[in-house]
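Residues 9 to 262 in my numbering are what the sequence shown spells out, letter by letter.
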Amino acid sequence: DRFESFRLAAAGRDSAVFQRLIGAIGQATGLRFDPDEGELLLRIRPAAWQAAGWEVLARLTPRPLSARAWRVCNLPGGLNATLAAAMVQAAGVKADDRICDPMCGSGTLLIERLLAGPAASALACDLSATALACCRDNLQAAGLSDRVTLAQADACQLDVPEASFDLVLCNPPWGDAVGAHRHNQLLYPALLAELARITAPGGRLALLSHEIKLLQRLLDDTPHWRIQHSTRVFHGGHYPRFYLLERSPVLRRH
Numbered sequence: 009d010r011f012e013s014f015r016l017a018a019a020g021r022d023s024a025v026f027q028r029l030i031g032a033i034g035q036a037t038g039l040r041f042d043p044d045e046g047e048l049l050l051r052i053r054p055a056a057w058q059a060a061g062w063e064v065l066a067r068l069t070p071r072p073l074s075a076r077a078w079r080v081c082n083l084p085g086g087l088n089a090t091l092a093a094a095m096v097q098a099a100g101v102k103a104d105d106r107i108c109d110p111m112c113g114s115g116t117l118l119i120e121r122l123l124a125g126p127a128a129s130a131l132a133c134d135l136s137a138t139a140l141a142c143c144r145d146n147l148q149a150a151g152l153s154d155r156v157t158l159a160q161a162d163a164c165q166l167d168v169p170e171a172s173f174d175l176v177l178c179n180p181p182w183g184d185a186v187g188a189h190r191h192n193q194l195l196y197p198a199l200l201a202e203l204a205r206i207t208a209p210g211g212r213l214a215l216l217s218h219e220i221k222l223l224q225r226l227l228d229d230t231p232h233w234r235i236q237h238s239t240r241v242f243h244g245g246h247y248p249r250f251y252l253l254e255r256s257p258v259l260r261r262h
């Protein structure tokens, strides 16, 4: 594919200096300047390797690696598909996995998982009918409609038996584009408890959140989840943390 437009990502891009630079780039390349959706992304920042000077970073393809042909519907707070694919690989792709995404949104995590390999079953839930419709459209575009059951449900009160799933994929609200921080104080404890109920012992939970302090405190206090791996990632101007958790064995009372 060929570039047809460009845009700049730089502090002060509206200044006279950058406006002259935009004009010069357009004249030299013949590309149209589109400040929001330009295909050629040029990121300009102060040089990290010397006291004076600038670095220019350029995207090499008209569409980012996160662009997907199946994405015909998007929602605020939607997950970057590249990051979703990385979460899926970290969690492991097993053909006998029973999978659930309790807050599916537009379906990114579940779609990336099913495109990566077979699964025994897949359930996509969301409280929002709008989100479920968006997920349904993306599943159809990905050719996965017949492999997923959709359900309008509260992620904290799912109508499924205990230990129903081997892999849970979850991108809960961060409290910015979706939800609010004050609501997450109640949501996150209830969510972790419900996901512990529906996940089989030894099962995995792949979770991404920007509520790092809250989530870490909850994980420190719960006997139900063990952290297998966690790492900070970049997503849309934020640095959330990805957690891969293992469901601890059922604790028996004596």
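Just so you know, even glycine gets a beta-carbon here, dropped at the ideal spot from N, CA and C.
CB-CB under 8 Å to Ala137, same chain, minus the five flanking residues each way: which ones, in chain order? Gln160
Taking just the CA atoms, how far does Val80 sit from Ala71? Looking at the sequence shown, residue 71 is not Ala but Arg. Going from the Cα of Arg71 to the Cα of Val80 covers about 15 Å.
So what does Phe242 bridge to, in DSSP terms? None; Phe242 has no bridge partner.
Under the three-state reduction of DSSP, which class applies to Tyr247: helix, strand or coil? coil
Assigned exposure category for Pro248 - 16 Cβ within 10 Å defines buried: With a threshold of 16 other beta carbon atoms within 10 Å, Pro248 meets it and is buried.
If I follow the unbroken alpha helix (DSSP H) through Gly211, where does it start and stop? Gly211: not part of any alpha helix (DSSP H); member of the beta strand (DSSP E) spanning 207 to 217, first to last residue.
Taking just the CA atoms, how far does Leu122 sit from Cys164? 24 Å
C-alpha distance - Tyr196 paired with Glu254, whole-angstrom precision: Each residue's alpha carbon lies about 17 Å from the other.
Grab me the residues of Ala208's own chain with a C-beta within less than 6 Å of its C-beta, minus the 5 sequence neighbours each way, in chain order. Ala171, Asp174
Does the separation of the CB atoms of Leu177 and Ile220 fall below 8 Å? no
Under the three-state reduction of DSSP, which class applies to Arg21: helix, strand or coil? coil
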